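S.K.:
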Amino acid sequence: PPVETMLGLDEIEETAQSFLAPRVSNYYSGYSLDGHSAEQNRSSFRKCRLVPRVMRDVTAVRPQTTIFGIPSALPIYISPSSNALLGHPDGELNIVRGAAKTGIVQGVSAAASFPLTEILEEKAKMDEESGNKMGMVYQVYLSRDREKNVEQLQQVVEGGCQALILTVDSNVGDHRQVTEKLKGTRGNAEPGIRMGPLGTEDQWHDSSQNWEDLSFIQQHAPGLPIYLKGVSHIEDVRLAKKHGLAGCILSNHGGRQLDGARTGFDSLRSIYAQDPQLVRDIDLYVDGGCRRGHEVLQALAFGAKGVGLGRPFLWAQAAYGEKGVIRTVRILEKEIATAMQLMGVTELSQIKPDMVECIQEIWK
Ligand code: FNR
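Residue numbers 50 to 413, in this note's numbering, belong to the letters of the sequence shown in order.
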């Protein structure tokens, strides 16, 4: 069906699933073990009830904000996810174009299917066309081969990426039964998959990674704000702040790492409940399971600066290339703007915790 007929992110996913090879849709929708975390990501947003304010003039709403220090049209960003090429020959380049044309920030995965140089070239092209600098941040894993990281970080700094995401919830590889059963669907063996700059997946995972390693990353990424991705525990947020990081992304990696790990949204609620000042002192982002505009607002109510979406953009570019990415942003834009109006707010900062009631107890 034509992209203009797509009315929700679920419909775009359905379209992609209807024609993608099972090994590709399995990879995109994949999760670890029983998928409890993946399931809860979706349901944690549904545990809330909105409590709108009424009789306020909401004629002009302003959903613009700043994401990772970069101006953004919306309080959302594209979460770094690997292997977009599996779904579409233009892969991550679709996402560059779509993000540039809609004014949202793209997170580029260390395991992107296109080399960073090609992604940066596309970004430069888009920047020249529009006369604007699109927002791009790069995600790294601490590699066992630090020389690889050095090379990579140099490219990121020189190529004009504006921030760095260090993913720390993947100190060992995922524990994925679903994809284990489909062995051979991942890695270099698969024709058409180009692995990220770190080569084979195993090399990404440095199980010795610890807080001391941060200075190495900081040293090789001068001037770039660093965000730690895959944080759940309040003490780790405090440690991130202590180590001078710009912020944390509360996330369970889309349920693809530790199954049973608390959802990003629940971590945010828990941290906010325990220490609201901490949430004001360091920038927190959330990802995992967000599929609707009002769900983005729920996270903002508890102090998140923005919400990342992963799979929706993989499905979108797979189904419709660049146009799918643009459509996805437009759908979310409409949902966010409408939800703001129905909530009685014109600015994102007006969304307060008293406007979101969560039904279930939070587990601390
Ligand atoms: C991911 N994610 C991810 N995260 C990361 O830091 N580096 C990576 O290379 C990848 N790769 C990746 C591949 C695929 C296929 C998926 C689905 C996800 C995790 C991603 O950034 C994000 O945390 C979750 O996808 C968010 O959940 P939703 O929006 O997909 O529900």
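By construction, the Cβ of each residue, glycine as well, lies at the ideal position given by its N, Cα and C atoms.
Remember, predicted model here, so these are calculated numbers, not experimental data.
In chain order, what residues of the same chain have a beta carbon less than 8 Å from the beta carbon of D287, not counting five sequence neighbours either side?
M.R.: A small correction: the amino acid at residue 287 is Arg; Asp does not occupy that position in the sequence shown. L327, listed in sequence order.
S.K.: Measuring from the CB of P129, is there a heavy atom of the ligand FNR at a distance below 8 Å?
M.R.: Result yes, Cβ under 8 Å from the ligand FNR.
S.K.: Would you identify the three-state DSSP class for Y77, choosing helix, strand or coil?
M.R.: The answer is helix: DSSP assigns Y77 an H, G or I state.
S.K.: Excluding the 5 residues flanking D332 on each side, which residues of the same chain have their C-beta closer than 7 Å to its C-beta?
M.R.: Correct list, in chain order: A295, G296, K354.
S.K.: Measuring CB to CB, does V345 end up less than 9 Å from I298?
M.R.: The answer is no: Cβ separation not under 9 Å.
S.K.: Determine the extent of the beta strand (DSSP E) in which L286 is found, giving its start and end residues.
M.R.: The amino acid occupying residue 286 in the given sequence is Val; Leu does not appear at that position. Unbroken run through V286 is the alpha helix (DSSP H), 283 to 291; no beta strand (DSSP E).
S.K.: Are the beta-carbon atoms of A70 and Y80 separated by less than 9 Å?
M.R.: In this structure, Y80 does not lie closer than 9 Å to A70 by Cβ.
S.K.: What are the boundary residues of the alpha helix (DSSP H) that Y276 is part of?
M.R.: No alpha helix (DSSP H) holds Y276; the beta strand (DSSP E) holding it covers 275 to 280.
S.K.: Measuring CB atoms only, is the segment 369 to 386 touching the segment 86 to 103, in the sense that at least three cross pairs come out at less than 8 Å?
M.R.: Cβ pair count under 8 Å is below three, so no.
S.K.: Within the continuous alpha helix (DSSP H) that includes P361, where are the two ends?
M.R.: Where P361 is concerned, the enclosing alpha helix (DSSP H) stretches over 360 to 392.
S.K.: Any heavy atom of the ligand FNR closer than 8 Å to the CB of A160?
M.R.: Yes, since a heavy atom of the ligand FNR falls inside the 8 Å radius drawn around the Cβ of A160.
S.K.: If you reduce the DSSP assignment to three classes, tell me which class G208 lands in.
M.R.: Coil.
S.K.: Within 8 Å, do at least three Cβ pairs link the segment 103 to 112 to the segment 352 to 366?
M.R.: Touching, no, given that fewer than three Cβ pairs across the two stretches are closer than 8 Å.
S.K.: Nearest chain B C-beta to A367 closer than 9 Å, yes or no?
M.R.: No chain B appears in the structure shown, which is made up of a single protein chain.
S.K.: Looking at the structure shown, is T54 part of a helix, part of a strand, or coil, going by DSSP?
M.R.: Correct three-state label for T54: helix.
S.K.: List the whole-angstrom C-beta distance separating G209 from L169, where the pair is believed to meet the contact cut-off of C-beta under 8 Å.
M.R.: At roughly 7 Å, the Cβ-Cβ gap stays under 8 Å, so G209 and L169 are in contact.
S.K.: If M185 sits next to Q204, beta carbons under 8 Å apart, how far is it from one beta carbon to the other, in whole angstroms?
M.R.: Contact doesn't hold; Cβ gap of about 12 Å is too wide.
S.K.: Counting only the same chain and skipping the five closest in sequence on each side, list residues whose C-beta sits under 7 Å from that of K290.
M.R.: Within the same chain, K290 has close Cβ partners D330, I331.
S.K.: For the alpha helix (DSSP H) containing R102, list its first residue and its last residue.
M.R.: R102 -> no alpha helix (DSSP H), and no H or E assigned at all.
S.K.: How is the alpha helix (DSSP H) around Y321 delimited, first residue to last?
M.R.: 313 to 323 is the span of the alpha helix (DSSP H), which, as asked, contains Y321.
S.K.: Under the DSSP definition of a beta bridge, which residues are partnered with R95?
M.R.: The partner list for R95 (beta bridge, DSSP) is empty, contrary to what the question assumes.
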